[in-house]
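J.: Protein sequence lines correspond, in order, to chains P and S. All letters in the first sequence, in the order written, are residues 111 to 823 by the working numbering. All letters in the second sequence, in the order written, are residues 26 to 351 by the working numbering. Even for Gly, the Cβ is constructed at its ideal location relative to N, Cα and C. Supplied in structure tokens, the structure appears directly below.
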Amino acid sequence: MKKQQTGQSMDRVDGRLKVTGGAKYFADHHLPDMLYAALVCSPITSGTISSINATKALKAPGVQDVVSHLNAPPVPGYKNAEAGAKDGLKIFKDNRIYSNGQPVAVVVANTLERAVYAASLVEVQYNQETHHTDMNASMNKAFQNNRMKDYLRGEADAWKKAPVTVDATYTIPLEVHNPMELGGIIAHWDTPDTLVLYAKTQGVKNVQDTMKKLFQLPEQNITVHSEFVGGGFGMALRVWPMEVATILAAKKIRKPVKLMLTREQMFTLVGYRPNATQQLSLGATADGKLTGITHEAVAITSPYEDFTEGIVAMSKFMYACTNVNTRYQLVPLNMSTPVWMRGPGEATGAFALESAIDELADKLHMDPLQLRVLNHADTDPERNLPFSSKYLKEAYLLGAEKIGWANRNAVPRSLQENGMLVGYGMSSGTFGAYRGKATVSATLKSDGSLVLQSAASDIGPGTATAMVQIAADVTGIQASKIKFMLGESRYPFAPQQGGSSTVSTVGSAVTDACQALLQKLASLGISGPDFKGAEQEVTVTATSQAGKERDQYSMYSFSVHFTKVHVHPATGVVRIQHIVSVADAGTIVNTKTARSQMIGGVVGGIGMALTEEAILDHRFGRFVNNNYADYHVPVNADTPPTDVYFINKKDPYINPMGAKGMGEIALIGFAAAVSNAVYNATGKRVRDLPITPDKVLDNKGNQPWKVENKMTT
Amino acid sequence: MNQFSYIRPASLKAAIDAVAKDNSARFIAGGTNLLDLMKSGVTTPEKLVDINRLPLKEIQVNGATLHIGALALNSELAAHDTVKSQYPLLSQALLAGASQQLRNMATVGGNMMQRTRCSYFYDTTMPCNKRNPNSGCGAIGGINRMHAIFGASDSCIAVHPSDMCVALAALDATVLVTGPKGSRRIPFHDFHRLPGNTPQLDNNLGKGELITGVEIPANDYTKYVYYLKVRDRASYAFALVSVAAALDIHNNEIRSARLAMGGVAHKPWRLYEAEKALTGKAPTEENFRYAANIAIQSAKTYPHNAFKTGLSLNSIQTALLKAATV
Numbered sequence: 111m112k113k114q115q116t117g118q119s120m121d122r123v124d125g126r127l128k129v130t131g132g133a134k135y136f137a138d139h140h141l142p143d144m145l146y147a148a149l150v151c152s153p154i155t156s157g158t159i160s161s162i163n164a165t166k167a168l169k170a171p172g173v174q175d176v177v178s179h180l181n182a183p184p185v186p187g188y189k190n191a192e193a194g195a196k197d198g199l200k201i202f203k204d205n206r207i208y209s210n211g212q213p214v215a216v217v218v219a220n221t222l223e224r225a226v227y228a229a230s231l232v233e234v235q236y237n238q239e240t241h242h243t244d245m246n247a248s249m250n251k252a253f254q255n256n257r258m259k260d261y262l263r264g265e266a267d268a269w270k271k272a273p274v275t276v277d278a279t280y281t282i283p284l285e286v287h288n289p290m291e292l293g294g295i296i297a298h299w300d301t302p303d304t305l306v307l308y309a310k311t312q313g314v315k316n317v318q319d320t321m322k323k324l325f326q327l328p329e330q331n332i333t334v335h336s337e338f339v340g341g342g343f344g345m346a347l348r349v350w351p352m353e354v355a356t357i358l359a360a361k362k363i364r365k366p367v368k369l370m371l372t373r374e375q376m377f378t379l380v381g382y383r384p385n386a387t388q389q390l391s392l393g394a395t396a397d398g399k400l401t402g403i404t405h406e407a408v409a410i411t412s413p414y415e416d417f418t419e420g421i422v423a424m425s426k427f428m429y430a431c432t433n434v435n436t437r438y439q440l441v442p443l444n445m446s447t448p449v450w451m452r453g454p455g456e457a458t459g460a461f462a463l464e465s466a467i468d469e470l471a472d473k474l475h476m477d478p479l480q481l482r483v484l485n486h487a488d489t490d491p492e493r494n495l496p497f498s499s500k501y502l503k504e505a506y507l508l509g510a511e512k513i514g515w516a517n518r519n520a521v522p523r524s525l526q527e528n529g530m531l532v533g534y535g536m537s538s539g540t541f542g543a544y545r546g547k548a549t550v551s552a553t554l555k556s557d558g559s560l561v562l563q564s565a566a567s568d569i570g571p572g573t574a575t576a577m578v579q580i581a582a583d584v585t586g587i588q589a590s591k592i593k594f595m596l597g598e599s600r601y602p603f604a605p606q607q608g609g610s611s612t613v614s615t616v617g618s619a620v621t622d623a624c625q626a627l628l629q630k631l632a633s634l635g636i637s638g639p640d641f642k643g644a645e646q647e648v649t650v651t652a653t654s655q656a657g658k659e660r661d662q663y664s665m666y667s668f669s670v671h672f673t674k675v676h677v678h679p680a681t682g683v684v685r686i687q688h689i690v691s692v693a694d695a696g697t698i699v700n701t702k703t704a705r706s707q708m709i710g711g712v713v714g715g716i717g718m719a720l721t722e723e724a725i726l727d728h729r730f731g732r733f734v735n736n737n738y739a740d741y742h743v744p745v746n747a748d749t750p751p752t753d754v755y756f757i758n759k760k761d762p763y764i765n766p767m768g769a770k771g772m773g774e775i776a777l778i779g780f781a782a783a784v785s786n787a788v789y790n791a792t793g794k795r796v797r798d799l800p801i802t803p804d805k806v807l808d809n810k811g812n813q814p815w816k817v818e819n820k821m822t823t
Numbered sequence: 026m027n028q029f030s031y032i033r034p035a036s037l038k039a040a041i042d043a044v045a046k047d048n049s050a051r052f053i054a055g056g057t058n059l060l061d062l063m064k065s066g067v068t069t070p071e072k073l074v075d076i077n078r079l080p081l082k083e084i085q086v087n088g089a090t091l092h093i094g095a096l097a098l099n100s101e102l103a104a105h106d107t108v109k110s111q112y113p114l115l116s117q118a119l120l121a122g123a124s125q126q127l128r129n130m131a132t133v134g135g136n137m138m139q140r141t142r143c144s145y146f147y148d149t150t151m152p153c154n155k156r157n158p159n160s161g162c163g164a165i166g167g168i169n170r171m172h173a174i175f176g177a178s179d180s181c182i183a184v185h186p187s188d189m190c191v192a193l194a195a196l197d198a199t200v201l202v203t204g205p206k207g208s209r210r211i212p213f214h215d216f217h218r219l220p221g222n223t224p225q226l227d228n229n230l231g232k233g234e235l236i237t238g239v240e241i242p243a244n245d246y247t248k249y250v251y252y253l254k255v256r257d258r259a260s261y262a263f264a265l266v267s268v269a270a271a272l273d274i275h276n277n278e279i280r281s282a283r284l285a286m287g288g289v290a291h292k293p294w295r296l297y298e299a300e301k302a303l304t305g306k307a308p309t310e311e312n313f314r315y316a317a318n319i320a321i322q323s324a325k326t327y328p329h330n331a332f333k334t335g336l337s338l339n340s341i342q343t344a345l346l347k348a349a350t351v
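Following this line, the structure appears as structure tokens:
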């Protein structure tokens, strides 16, 4: 019998291509006669364009055209929205400026350098209007839409009646995805109504569908290539206005045009994690049973779209509590639209909930691990359904053992190592375990090899590798003889790579396609292990989706994060010494890539906890740290030894593999594990991320620094 | 980026002439800062004079003096045996700066010439007296968490970003300069300027003057030294505050002390009063705190950087303690 492939640490099928430079990312493509685009972006934050003078730019060497709302080809899909209706930024439709950095023109030239220089020569006049970018100053504009209704279970604000309470405000700053690979696109109109795109996207079919609607073209007229993506973290989950601008420029000039953003433009054109303020209130009995949870969140959005995410979701079902109420509101500001960023919403909410749980444990003089176990939700209290699988308690205990939780002293400032304050912290995270609909084609070649195709994406987790392993187990064909092809819109439909659902969704379709293939082959008299004998290729296509099990079970992945931190008592510098993260994500298809994915999420969590914050000067509505030097993505020196453990128990209901999602839970909750450890080390509770040295020391203001001691000789 | 011409002269004289006679020409060595400035439109030279072929790379000991060529790379200098053994404070400071990749490109002269990292200086749509005199200071009244607490003016509160220069200030280095009128020696203290009413001037170099090297006199700071850099990220981040501390301790007595700070002023900030207070005293925690208190008396803070006063106090004391504890 063949060794089961699922669960092995198989090397990435495209690892060699990636490390040798053979993998082609969107910007690596070069088309004949291709031109280069540079954006002219608005330095004002609200108002209108009064004039654009491109005379100098057009005279600059190599410049082909300057495209703006004044001369862009029409977009048939730009509906005439009703006054007040929000349906996105229609780039180059009119002269309105909604946010700083909004593209106002595209300069196209025969080299990138010439395009960038000519962009600096475009003279744009604006009518500036009052702008609003400060959420705290615009709270009176907070609103709700029908995606964000108030939630109530039991009695509202029941925490107020409890003998032990926590009532605190937690804030997170605006964060930017900042993958290494910059955003952009190559657009080419093969004929006036045939569009070819090389995109940086988490979903080629989504790009194709957006273009279908915008340009009102049949699907087969739109081809989207995206075989390799250099990191997305959510920023490539949709088509952005600057991509449409490039496509319009290519349409006008009738030549291929390539756009690649600058790092600065990554802060204003491709979404971000919205800053949010949350009021989290907990009530408990004296022996630690939760009696009330109230979670109220306010986050920002753009003037032209309502971006919502799961900020208050976790508070509804994470703990067994009779009385829960949540509220979620948005404040529209002169900003571009946010977008899901790894662990979207839930990561924001988990920081508040899991910090508050730690605060409650402190007030109860109870171990926070014990408090979580005591209030463990055995069934989903929100939907009144059993969980399809949940090994959270096991994860708590495993993590506690591996970090050395027994060494923790509940009294802050009681442990020191080498002059550093030592603290231990923990938290948990959860995210829905989804399964969408996908189609996979499976072709057996006459040499016995198997080719699978689906329009899935791989932004880094190793999608094709996992699919090959799944197919190998279903068919018995050697993994080395299986190829999974993705990232092409002409392949059968797969949804975007987002929400930790690719293995579940596409893996199920791979399973079904492989089983259908085996049946077909059997009917042709062809059988394993070599599957030889077919005179020609045999292809089957299968579509797979979830069934009624999703109405019978609540499906979630869970994570547990433990950290040990050092805090310098005099400088407030926090350094994480050791991390243990445990995932309850069902069957692990590939332990090697899964481990990498967990570590990647944890590094994102380190950034959220300690370093990342995009800072606006509200007077101008502009970011002041929009580069890699000043926006602090964690570096290796911030990243301590990280031990990843998997419960690795099959979920019996979610899909044939029993695999739940893992991309999001790697990050969700992590920030609280750090802030809780910092509290344990110092006694200082930092509720405002990131936890920079000044917040730990908290000696802002005019604290008098007197001479405390006489000089001695 | 604007179009520019590029030359690579073979002699010092040709290089100096090229810049002295052309207002729009700039020297370029490692280019780790200049290219950023050109890309963001802050600096728009029409000619770049590449000095990398000039014979200014050597690091050598001349008698009791360490001579460092202006083109010595930051990484080479940090790893140099004599520097590590005789001038360990300099090595530590270098290694605290930037990233390995940048240190492999950045030169000693270029490090001294790097400009502030103030956001308002880099964003050409914002007011900045340093970039555009009389346009106002964006940081005063703006985001000023990273800004100066010592020696600032109403026109500019930017800080000098270098770590290396903090150590050079502490070690009483001398800057060797050659220009159209010949060569001169500038004490390190007089090389960089405070902003005053002319924040556009970072230093006292004349037109066409080129740094050819740096000299550090022999000293007794080979053992009790420490460079403390407090920053938001463990590597590749500018200092919130940094402290270069060097002590000459004999028989539990501080014979002399050197203290300088980075991230707090428009230039590397020497703490002369605190040094004086420590001389002849015992290396105790109390004395270090006393000296640190003296050092911060002249601090003036802004809405976002008030924490720097207390952080400086604690950091000076910590650096001294670390220096004294070998």
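1) Between which two residues does the beta strand (DSSP E) harbouring residue 437 (chain P) extend?
2) Should the region 213-228 of chain P be regarded as contacting the region 399-414 of chain P, the criterion being three or more beta carbon pairs within less than 8 Å?
3) Would residue 735 (chain P) pass as an interface residue toward chain S - the criterion being a Cβ-Cβ separation below 8 Å?
4) At the 8 Å Cβ level, is residue 132 (chain S) part of the contact set with chain P, yes or no?
5) So that I know if they touch, is there some Cβ in chain S lying closer than 8 Å to that of residue 745 (chain P)?
6) Is the region 314-330 of chain S in contact with the region 203-216 of chain S, if contact means three or more CB pairs nearer than 8 Å?
7) Verify whether the separation of the beta carbon atoms of residue 171 (chain S) and residue 122 (chain S) is less than 8 Å.
8) So residue 807 (chain P) contacts chain C; which residues on that side make the cut at Cβ distance below 8 Å?
9) Does the beta carbon of residue 325 (chain P) sit closer than 8 Å to a beta carbon anywhere in chain S?
10) Counting pairs of Cβ atoms below 8 Å between the region 500-517 of chain P and the region 741-749 of chain P, do you hit three or more?
11) Any idea what DSSP makes of residue 351 (chain P), helix, strand or coil?
12) In chain S, which residues lie with their C-beta within 9 Å of the C-beta of residue 730 (chain P)?
13) Across the region 444-459 of chain P and the region 335-354 of chain P, are there enough close Cβ pairs to call them in contact, namely three or more that are closer than 8 Å?
14) Hey, could you find the ends of the beta strand (DSSP E) residue 265 (chain S) is sitting in?
15) Restricting to Cα atoms, I'd like to know which of P:268, P:586, P:570 and P:637 is closest to residue 607 (chain P).
16) Output needed for residue 303 (chain S): all residues of its chain with C-beta closer than 6 Å, excluding positions within five of it in sequence on either side, in chain order.
17) Leaving out the 5 sequence neighbours to the left and right, which residues in its chain are closer than 6 Å to residue 591 (chain P) when beta-carbon positions are compared?
18) So, is the C-beta of residue 202 (chain S) closer than 8 Å to a C-beta in chain P?
19) Check for me: the alpha helix (DSSP H) holding residue 106 (chain S) runs from which residue to which?
20) Throw me the rounded Cβ distance for the residue 416 (chain P) and residue 196 (chain P) pair, which I believe falls under 8 Å.
21) Please report whether the beta-carbon of residue 223 (chain P) lies at a distance below 8 Å from any beta-carbon of chain S.
22) Less than 8 Å between the CB atoms is what I'm expecting for residue 637 (chain P) and residue 772 (chain P), so what's the real figure, rounded?
23) Secondary structure at residue 163 (chain P), three-state DSSP: helix, strand or coil?
24) Taking its Cβ as the centre, do 16 or more other Cβ atoms sit within 10 Å of residue 83 (chain S), making it buried, or is it exposed?
25) For a cutoff of 8 Å on Cβ pairs, would you count residue 26 (chain S) as touching chain P?
26) Rounded to whole angstroms, what is the Cα-Cα separation between residue 714 (chain P) and residue 777 (chain P)?
27) Give the secondary structure of residue 286 (chain S) by DSSP, where H, G and I count as helix, E and B as strand, and everything else as coil.
28) Which residue from P:346, P:317, P:704 and P:633 puts its Cα closest to that of residue 289 (chain P)?
29) Can you give me, in chain order, the residues of the region 256-273 of chain S that have a beta carbon less than 9 Å from any beta carbon in chain P?
30) For a cutoff of 8 Å on Cβ pairs, would you count residue 748 (chain P) as touching chain S?
31) So with CB distances below 8 Å, who are the chain P contacts of residue 66 (chain S)?
32) Name the chain S residues that come within less than 8 Å of residue 153 (chain P), Cβ to Cβ?
33) Quick one: what does DSSP say residue 559 (chain P) is sitting in, helix, strand or coil?
34) Using beta carbons (cut-off 8 Å, strictly below), is residue 343 (chain S) in contact with chain P?
T.: Taking the coordinates as given:
1) For residue 437 (chain P), the enclosing beta strand (DSSP E) begins and ends at 434-442.
2) no
3) Yes, contact with chain S.
4) Judged by the 8 Å Cβ criterion, residue 132 (chain S) is not in contact with chain P.
5) Closer than 8 Å to some Cβ of chain S, the Cβ of residue 745 (chain P) qualifies, so yes.
6) no
7) no
8) Of the chains in the structure shown, none is chain C; the protein chains are P and S.
9) no
10) no
11) helix
12) 148, 150, 151, 163 and 167
13) yes
14) That residue, residue 265 (chain S), is in no beta strand (DSSP E); it is neither H nor E in DSSP.
15) P:570
16) 279, 282 and 316
17) 559
18) no
19) For residue 106 (chain S), the enclosing alpha helix (DSSP H) starts and ends at 106-111.
20) 6 Å
21) yes
22) Their Cβ separation, rounded to whole angstroms, is 35 Å, which puts residue 637 (chain P) and residue 772 (chain P) out of contact at 8 Å.
23) strand
24) exposed
25) yes
26) 6 Å
27) strand
28) P:346
29) 256, 257, 258, 259, 260, 261, 262, 263, 265 and 266
30) yes
31) Correct list: 230.
32) 150
33) Correct three-state label for residue 559 (chain P): coil.
34) yes
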